[in-house]
Amino acid sequence: MIKRIFGALLAAALIGLGSVATAASAPDALVKSVMDDVLEIVRTDPALKAGDTSRAVELVEEKVLPHFDFRIMTSLAVGRDWRQATPAQKEKLVAAFRTMLVRLYSNALTQYRDQTIDFKPLRAGAADTDVLVRTQVLQPGAKAVDIDYALEKQGEAWKVYDVIVAGGSLVTNYRNDFRNQILSGGIDGLIASLEAKNAELAGAAK
Amino acid sequence: MTDVIQMMTLKKTIRRAPAILVTTLALAGCATVEHPHPDDPWEGYNRAVFAFNEGVDKAVFKPLATGYDTVAPLPVKSGVGSFFGNLGDIWTGINNFLQGKGRDGGSDAARVLINSTLGIFGLFDVATDMGFEKHQEDLGQTLAVWGVGNGPYFVVPFFGPRTLRDAAALPGDIYGGSLVQLSDVASRNAVTGLRVVHERAALLGADRAVEEGSLDKYGYIRDFYLQQRRYEIYDGRPPRERFDDARATPMQPIGLSAIEADDAAAGSLRIELARAGGDTLKAQGQEQ
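Residue numbers (our numbering), protein chains in the order written: chain B, 1 to 206; chain G, 1 to 288.
Here you go:
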């Protein structure tokens, strides 16, 4: 008898835990909590308000990056040529593209001007492993800008692999940008261009 | 004093603009395009005009916009934005009606009515708070809905990226965007100037992102413009688009690991961007 009650309690506890766990790992909840977190810091941090890029980079590295899968992003952006790249080339591509995107995102944060973010209801089934989290950035007097995040489920974690701004996919856009570099100078040419761009901007920031 | 000098260089630049444009276009005739883009058959010409526009922007509009952005406090900028946004809603509403979207057009008309009165001549966008969503429509989108194709990508001097259809619609959009006008010419020009500077200032952040985030700025802007334009024409619900991908990322936890086990033999992964229907994004791997 006691065993049965214990069993029922245990089951109830597990169900309870289970629902907590799904709530925590839902992709839309993840995006929202990350954005709320970051925006709270952006609104209050004096260094960021003054346009301090290095502080923004720190913030992005710490809060945002863990939720991105740069390897998938890079492979998608490179497209079919990814298969021809050697493991060493892949490492370099991922690292260089990562640096570029961190800078892009950090700059965006220093440009923040009181916009608010609206989250649209997630349209996805419980079994989906690939979803689009849709948000809108609202600013007075201007049409809201749609920003969608494409996420993929990896084990229990959700990782962002594409960001779509007003219908413009970051991955698609870089694919064209990268394709031309690869046509001219191969994978190594692309790596060289990315690293040169990063070095140029790292120099300019000092 | 510096203002005076700036005004003088500004005037000089404007006076020289046609000459610079002609020279750049003449040079463009000789340029060959390395990797032709299917939607951009006039890339040589386009790149030349793009470079010209960049030059004008760097000399005139960007400095003015940066100054405005620094000087004007946020409430002023937001008021200016709402004011011009309200004027723009008239043309947006007309185009919604022309596209047969009576509901959206009616909502736009209500926006103008509410914002022009309760919003004090459009200085405050109270209609959005009341649930009337802001839209953005123009003659180019209306023509697209009527079945006019995009035509090639076409960079218009001073105005920037367009498709040929949207460039043809541009005079209509300029006219439609200024249906409410001041009768005094000097004040009217001042208002137009403020509008241009305000709109340029709104792009300062994006501008830097593109500058620092792309390998080829021209191509990057073109591709983004074409993607976003398509999205606008379909009011944020474009028909689904497929593209094939080679993805070679080990993702053991899910079923994709089998095809990704070996980079060389990696299967192609089809990403279906299904924004039209369920708004879900599906990825399914398939063995090659």
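Even glycine gets a Cβ: it sits at the ideal position worked out from N, Cα and C. Fair warning: this is a prediction, and the values are worked out from it, not measured in the lab.
Segment limits, alpha helix (DSSP H) that includes Tyr105(B): It spans Pro87 to Thr110 - the alpha helix (DSSP H) in which Tyr105(B) sits, taken as one unbroken run.
Rounded C-alpha distance that separates Gln139(B) from Lys134(G): Computed Cα separation, rounded: 11 Å.
C-alpha distance - Val126(G) paired with Arg103(G), whole-angstrom precision: Straight-line spacing of the CA atoms in Val126(G) and Arg103(G) works out to 19 Å.
Buried/exposed call for Tyr220(G), threshold 16 Cβ in 10 Å: Label assigned to Tyr220(G): buried.
Range of the contiguous beta strand (DSSP E) that encloses Arg162(G): Unbroken beta strand (DSSP E) run through Arg162(G): Gly160 to Thr163.
Residue range of the unbroken alpha helix (DSSP H) whose run includes Val71(G): Looking at the DSSP string, the run of the alpha helix (DSSP H) that includes Val71(G) is Lys62 to Val71.
Own chain residues within Cβ distance below 7 Å of Lys217(G), not counting five before or after: Spatial neighbours of Lys217(G) in its own chain (CB-CB distance under 7 Å, excluding positions within 5 residues in sequence) are listed in chain order as Val210 and Glu211.
Ser78(G) versus Asn180(B), Lys143(B), Gly203(B) and Ser193(B), residue with shortest Cα-Cα distance: When each option's Cα is compared against that of Ser78(G), the closest is Lys143(B).
Close beta carbons around Asp89(G), own chain, < 6 Å, minus the five adjacent residues each side: Exclusion of the five residues before and after Asp89(G) leaves Asp108, Arg111 and Val112 as the residues of its chain whose Cβ lies within less than 6 Å of its Cβ.
Listed by chain order, chain G residues near Arg113(B) by CB distance under 7 Å: Simply Leu74.
Inter-stretch contact (C-beta, 8 Å, three-pair minimum) for the stretch 154-171 of chain B and the stretch 148-166 of chain G: The answer is no - the stretch 148-166 of chain G does not touch the stretch 154-171 of chain B, with fewer than three Cβ pairs under 8 Å.
Same chain, Cβ closer than 7 Å to Met130(G), neighbours up to 5 away in sequence not counted: The beta carbon of Met130(G) is closer than 7 Å to those of Ile114 in its chain, skipping five residues each way along the sequence.
Which of helix, strand or coil DSSP assigns to Arg134(B): Arg134(B): strand per DSSP, three-state reduction.
Interface partners of Ser54(B) on chain G, CB under 9 Å: Result: empty, since nearest Cβ-Cβ is about 15 Å, beyond 9 Å.
Within chain B, partners of Pro238(G) - CB distance below 8 Å: Within 8 Å Cβ-Cβ: Gly167.
Any C-beta of chain B under 8 Å from that of Tyr231(G): With 8 Å as the cut-off, Tyr231(G) counts as an interface residue toward chain B.
Three-way DSSP call (helix, strand, coil) for Lys120(B) in this model: Assignment of Lys120(B) by DSSP, reduced to helix, strand and coil, places it in the coil class.
Beta carbon proximity, Ala142(B) to chain G, threshold 8 Å: Closer than 8 Å: yes.
Whole-number beta carbon distance between Ala166(B) and Gln228(G), since they are thought to touch under 8 Å: Indeed, because the Cβ distance is near 5 Å, the residues count as touching under 8 Å.
Contact list for Gly172(G) against chain B, beta-carbon separation under 9 Å: Within chain B, no residue comes near Gly172(G); the closest Cβ sits about 20 Å away, beyond 9 Å.
Simplified DSSP state of Gly79(B), which is helix, strand or coil: In the structure shown, Gly79(B) adopts helical secondary structure according to DSSP, grouped into three states.
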